[in-house]
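Asker: So the protein sequences, as listed, match chains F and V. According to my numbering, the stretch in the first sequence is residues 833 to 1148, in order. According to my numbering, the stretch in the second sequence is residues 205 to 582, in order.
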Amino acid sequence: MVTRQPEPLRARLRLPFLVDQEKPMAEFLAYLIAGLATGAIYALAAIGFTLVWQTSQTINFAQGEFVMLPAILVLASAQFLGLPMAMAVLVGIVAFILLFGFGFKKVIVDPMIRHGVLPLAIATMALSIVMKEGAKDGFSAEAQRFPSFLPAETITFAGISISLQHVAIIVVACLAILGLQWFVTGTRLGRQMQATAQNPNVALILGIPVAQMVMLTFLINAGLAALASVLISPIYLAKFSNGEVIGLFAFIAAIVGGFNQVRGALAGGLIVGVIDSLAAAYISTSYRLAVPLVLLVVIILVKPEGLFGRPEERRV
Amino acid sequence: MRLSILATLAAAALSAAPVAAQEKVKLINVIELSGAGATAGTNFKNGVDLAVADINAKGGILGRQIEIVHYDTQTNPGNTRAAVQRAIDEGTYAVLGPVFSGPIGASMQISQRAEVAQIVGGEAAGFTRQGNPYIFRTSLSQAAAMPKIAAYMKNSLKANSVAVVWVNNDFGKGGRDQILPELEKLGIKVAVDVATEQGQADFAADAIKVKNANADAVFVYLNEEESARFLRAAKQQGVNKPMVGETTLLGAKVIELAGDAANGAKGHVGLSVDAPVPAFQEFGKKFQAKFNYASDHNGLKGYMAVYMVKWGTEKQKKFDKKGLADTLRGATIKPSEEPGILIETTIEANGDLDRISFLAEVKDGKQVITETLPKLKP
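Structure, rendered in structure tokens:
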């Protein structure tokens, strides 16, 4: 029997500038757009890491599950309550924001933060397991189809096939992030939120309602996670285990971009998404997870505060 | 007097105990109910449950009711080994499952050592080539299916080049290793050979690779959820070449998950509730009524697995674990003898099956059978 060996690594390491390929630049740009779309989702999730870090100086290890669960709640609303999909989206997202924005802060963050950031971080690990297993046992262990609210067509521009769904994801996610950036830096409420994140004690002295600002941060985090969920679930399908990959890549994105900057999370997400896509295309699908991890190690060694982060010192 | 009453009661209890134990026969299904194989495993489990309910309603096997237990392997080979060992320790009459080929390969030595038949849903060619006389399939192996697919691509689709997309697990590697020589024999060039990972969520890069390869057809050999994700990604990237697959690609769950992107997918199916076999269609209706969704091929596999046990037991007229495997090996089970087998099935000496199969296409979100192919050894 004739057996064919897998493509040798040299053959798989085809770089876009090599002349022996047909339309290498068009292919490269297609990978780039696909990577930016995935990266935009990672950015939305990565911002959650930065928001929680800024307000409670801890890492929410359930952030991936925060992106997984809204889609499950939407489908559950449609299935169990018999709601039409548009209404189910509304109910699922509102329920998620109440449960995992308001509820997360009141039930987990507030009681645990008094005992230090480590117990809180461990509590978020437990929360991630509860969310994942709850989605599996309470809804389904199988992947579920999730409707897309974005155009599914492909257009050809300058010889490049472009998925409108990918473009729409990039636009929607970037608008959401830029809107958040404007809100934080350009509005009175946002500046109060920023002041609370920078120094809650001084903010309190200045008359800023710190507790409300912290709550607002958690609600925004839940809202962004819900948006990411609605954008990514039509592609990944809604499944209880989706949070594992998204959480890991968003965590890497937050570190790469800078844990204490929203714009860092945006840049980190896009960089990680593009690297992931190019690694899958030009190296190997098997090693695609390893490449962003290598980037993570390099950033930690060379610029530990992240590409756009600012160094922080802490008195202990 | 009191002593004699107690003695009588004790004697009655002792004599009743074996009778109670004999009323049931225990079958343990070691199956993927979570993890990457959840879709396949859940269908297999539901098929098993349907068969058990049918058989028990008609008096069981040789008068004994079946007691069915399902253990979730989480699609993990280590867990599968532990579950098979547990099934053997708990005295299962035969081991049912799993479906994924990797976990089958990792666990089948345990049932072999215990001389207990293991009836599985896997399709990878390798595990029936290891001389294990206790392993039995419920579907055609890749070795039987791939020549049919290659011939279909050459003769019906007139494909001279094919993009091959496969999942990097035992199932996918086995399929790829079977299809490549068949393509080569027919002079079909492999335009691009794309390996993907089990559980992979993002297929955009793979779809772009396939699109740029500009092959005449795309052979997709992935598990259920990954098949659906790939089809959606391919549609997103504007891949407009025929998608060809083997059973999984055309399965009900893939069609449900992929939506419009599944339309036009073609290929070979070993088992299908849409096949022009009245017993399959009847099974499909019962399954739909009980579980409120359409069964894929794995539901049929689970159903037939239990009926293989029933037929083998009734054939040997006793509950002998080793004898069950001996009876099944080399047997041809006809629906006239055992209607639950649904379709004439020949079990070869190594546990492979031979039976008719089908060519199909997805049209308007439904699998449509276009041709029935004969048994390899009619």
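Here a beta-carbon is modelled for each residue, glycine too, at the ideal position from N, C-alpha and C.
Report yes or no: is there a C-beta of chain F within less than 7 Å of the C-beta of V:N416?
Answerer: Reading the second sequence from its first residue, position 212 is the one you call residue 416 of chain V. Yes, because at least one Cβ of chain F sits closer than 7 Å to the Cβ of V:N416.
Asker: Taking V:A437 as the reference, give the member of F:L913, F:G1039 and F:E985 with the closest Cα.
Answerer: Along the second sequence, read from residue 1 onward, the residue named residue 437 of chain V stands at position 233. If we check each option's Cα against that of V:A437, F:E985 comes out closest.
Asker: Under the rule that 16 or more other beta-carbon atoms within 10 Å means buried, what is V:E575, buried or exposed?
Answerer: Locating residue 575 of chain V in the second sequence gives position 371, where the first residue counts as 1. With fewer than 16 other Cβ atoms inside 10 Å of its own Cβ, V:E575 counts as exposed.
Asker: For the alpha helix (DSSP H) containing V:S315, name the first residue and the last one.
Answerer: If you number the second sequence from 1, residue 315 of chain V lands on position 111. For V:S315, the enclosing alpha helix (DSSP H) begins and ends at S305 to R317.
Asker: Establish whether the CB of V:A363 and some CB of chain F are separated by less than 7 Å.
Answerer: As a first step, residue 363 of chain V is located in the second sequence; it is residue number 159 there, counting from the start. No, because no Cβ of chain F sits closer than 7 Å to the Cβ of V:A363.
Asker: Cβ of V:I353 less than 7 Å from any chain F Cβ?
Answerer: Looking up residue 353 of chain V in the second sequence gives position 149. V:I353 does not count as touching chain F.
Asker: Using only the alpha-carbon positions, how far apart do F:I1200 and F:E1137 sit?
Answerer: Since the first residue shown for chain F is 833 and the last is 1148, residue 1200 of chain F is missing from the structure and cannot be characterised.
Asker: Going along the chain, which residues of its own chain have a beta-carbon closer than 7 Å to the beta-carbon of V:K567, five neighbours each way excluded?
Answerer: Position 363 of the second sequence holds residue 567 of chain V. So the list reads N467, once near-sequence residues are dropped.
Asker: Between the C-alpha atoms of F:K964 and V:K519, what's the straight-line distance to the nearest angstrom?
Answerer: Within the first sequence, residue 964 of chain F is the residue found at index 132, counting from 1. Within the second sequence, residue 519 of chain V is the residue found at index 315, counting from 1. Approximately 46 Å, taken between the alpha carbons.
Asker: Distance check for F:G991 and F:M857, CA to CA, integer angstroms please.
Answerer: Translated into the one-based positions of the first sequence, residue 857 of chain F becomes position 25. Translated into the one-based positions of the first sequence, residue 991 of chain F becomes position 159. One C-alpha to the other measures close to 10 Å.
Asker: Within the same chain, show all residues whose beta-carbon is closer than 6 Å to that of V:T552, passing over the 5 residues directly before and after it, in chain order.
Answerer: Walking along the second sequence from the start, residue 552 of chain V turns up at place 348. Before going further, note that residue 552 of chain V is Glu rather than Thr in the sequence given. So no residue of the chain qualifies.
Asker: Suppose you measure from the CA of V:A192 to the CA of V:E388; what does that come to, to the nearest Å?
Answerer: Summary: the structure shown does not reach residue 192 of chain V, with chain V confined to residues 205 through 582, and so no result is reported for it.
Asker: Within the continuous beta strand (DSSP E) that includes V:E575, where are the two ends?
Answerer: Along the second sequence, read from residue 1 onward, the residue named residue 575 of chain V stands at position 371. Start and end: K570 to L577.
Asker: Taking 7 Å as the cut-off, decide whether the C-beta atoms of V:A348 and V:L580 are in contact.
Answerer: As a first step, residue 348 of chain V must be located in the second sequence, where it is residue number 144. As a first step, residue 580 of chain V must be located in the second sequence, where it is residue number 376. In this structure, V:L580 lies closer than 7 Å to V:A348 by Cβ.
Asker: Which chain F residues are close to V:I412, counting only those with a beta carbon under 9 Å from its beta carbon?
Answerer: Residue numbering aside, residue 412 of chain V sits at position 208 when the second sequence is read from its first letter. Neighbours of V:I412 on chain F, chain order: E859, A862, Y863, A866, S993, S1109 and A1113.
Asker: Closer than 8 Å, Cβ to Cβ, to anything on chain V: give me those residues from the segment 934-953 of chain F, in chain order.
Answerer: none
Asker: Is it true that the CB of V:T243 sits closer than 7 Å to the CB of V:G555?
Answerer: Working through the second sequence from its first residue, we reach residue 555 of chain V at position 351. Working through the second sequence from its first residue, we reach residue 243 of chain V at position 39. No, these two residues do not count as a Cβ contact at 7 Å.
Asker: Any residues in the segment 243-262 of chain V with a beta carbon nearer than 8 Å to a beta carbon of chain F? Which ones, in chain order?
Answerer: Listed in sequence order: T243 and T246.
Asker: Taking the beta carbon of V:E450 as the centre, do at least 16 other beta carbons fall within 10 Å, making it buried, or is it exposed?
Answerer: Taking the first residue of the second sequence as 1, we reach residue 450 of chain V at position 246. Its Cβ being crowded by 16 or more others within 10 Å, V:E450 is buried.
Asker: Between V:S238 and chain F, is there a C-beta pair that is closer than 7 Å?
Answerer: Translated into the one-based positions of the second sequence, residue 238 of chain V becomes position 34. Closer than 7 Å: yes.
Asker: Which one of V:R559, V:A483, V:G301 and V:I537 has the shortest CA to CA distance from V:I232?
Answerer: Walking along the second sequence from the start, residue 232 of chain V turns up at place 28. Of V:R559, V:A483, V:G301 and V:I537, the residue nearest in Cα terms is V:G301.
Asker: Take every Cβ of the segment 1045-1055 of chain F, pair it with every Cβ of the segment 904-920 of chain F, and state whether three or more of those distances are shorter than 8 Å.
Answerer: no
Asker: Distance, Cα to Cα, F:P983 vs F:V1062?
Answerer: Locating residue 983 of chain F in the first sequence gives position 151, where the first residue counts as 1. Locating residue 1062 of chain F in the first sequence gives position 230, where the first residue counts as 1. Looking at the two C-alpha atoms, the distance is approximately 14 Å.
Asker: Could you have a look at V:D293 and say whether DSSP puts it in helix, strand or coil?
Answerer: Locating residue 293 of chain V in the second sequence gives position 89, counting from the first residue. It is helical.
Asker: Could you check what DSSP says for F:A858 in three-state terms: helix, strand or coil?
Answerer: Translated into the one-based positions of the first sequence, residue 858 of chain F becomes position 26. It is helical.
Asker: Which whole-angstrom value is the C-beta distance of F:Y874 and F:G1101, which I expect to be below 8 Å?
Answerer: For this step, residue 874 of chain F is matched to residue 42 along the first sequence. For this step, residue 1101 of chain F is matched to residue 269 along the first sequence. Indeed they touch by this definition, with Cβ atoms about 4 Å apart.
Asker: Give the secondary structure of V:Q334 by DSSP, where H, G and I count as helix, E and B as strand, and everything else as coil.
Answerer: Locating residue 334 of chain V in the second sequence gives position 130, counting from the first residue. Of the three classes helix, strand and coil, the one that applies to V:Q334 here is coil, per DSSP.
Asker: List the whole-angstrom C-beta distance separating F:A1029 from F:I1040, where the pair is believed to meet the contact cut-off of C-beta under 8 Å.
Answerer: Residue 1029 of chain F sits at position 197 when you count from the first residue of the first sequence. Residue 1040 of chain F sits at position 208 when you count from the first residue of the first sequence. Between F:I1040 and F:A1029 the Cβ distance is about 11 Å, and since that is not below 8 Å, they are no contact.
Asker: Does any residue of chain V bring its CB to less than 7 Å from the CB of F:Y1119?
Answerer: Counting from one through the first sequence, the residue named residue 1119 of chain F turns up at place 287. It does not; no Cβ of chain V falls within 7 Å.
Asker: Hey, does F:A1085 have any beta-carbon neighbour from chain V nearer than 7 Å?
Answerer: To locate residue 1085 of chain F, count along the first sequence from 1; it is residue 253. F:A1085 does not count as touching chain V.
Asker: For F:L907, go through chain V and note every residue whose CB falls closer than 7 Å to its CB, in chain order.
Answerer: For the purposes of this step, residue 907 of chain F is taken as residue 75 along the first sequence, with counting starting at 1. Going along chain V, no residue has its Cβ under 7 Å from F:L907, so there is no contact; the nearest lies around 12 Å.
Asker: Along chain V, which residues have their Cβ under 9 Å away from the Cβ of F:L1069?
Answerer: In the first sequence, residue 1069 of chain F corresponds to position 237, counting from 1. Simply A405, E429, A432, R433, R436 and L461.
Asker: Just how far apart, CA to CA, sit F:F860 and V:Q313?
Answerer: Start at 1 with the first residue of the first sequence, and residue 860 of chain F comes out as number 28. Start at 1 with the first residue of the second sequence, and residue 313 of chain V comes out as number 109. A direct Cα-Cα distance of roughly 47 Å separates F:F860 from V:Q313.
Asker: How about V:E386: is its C-beta nearer than 7 Å to some C-beta of chain F?
Answerer: On the second sequence, position 182 is the one that residue 386 of chain V refers to. Closer than 7 Å: no.
Asker: So, with DSSP's three-state summary, where would you put F:H947?
Answerer: Translated into positions along the first sequence, residue 947 of chain F becomes position 115. Three-state DSSP puts F:H947 in coil, outside helix and strand.
Asker: Which two residues bound the contiguous alpha helix (DSSP H) that contains V:K249?
Answerer: Counting from 1 along the second sequence, the entry for residue 249 of chain V is found at position 45. Following the DSSP letters along the chain, one finds V:K249 inside the alpha helix (DSSP H) bounded by residues A242 to A261.
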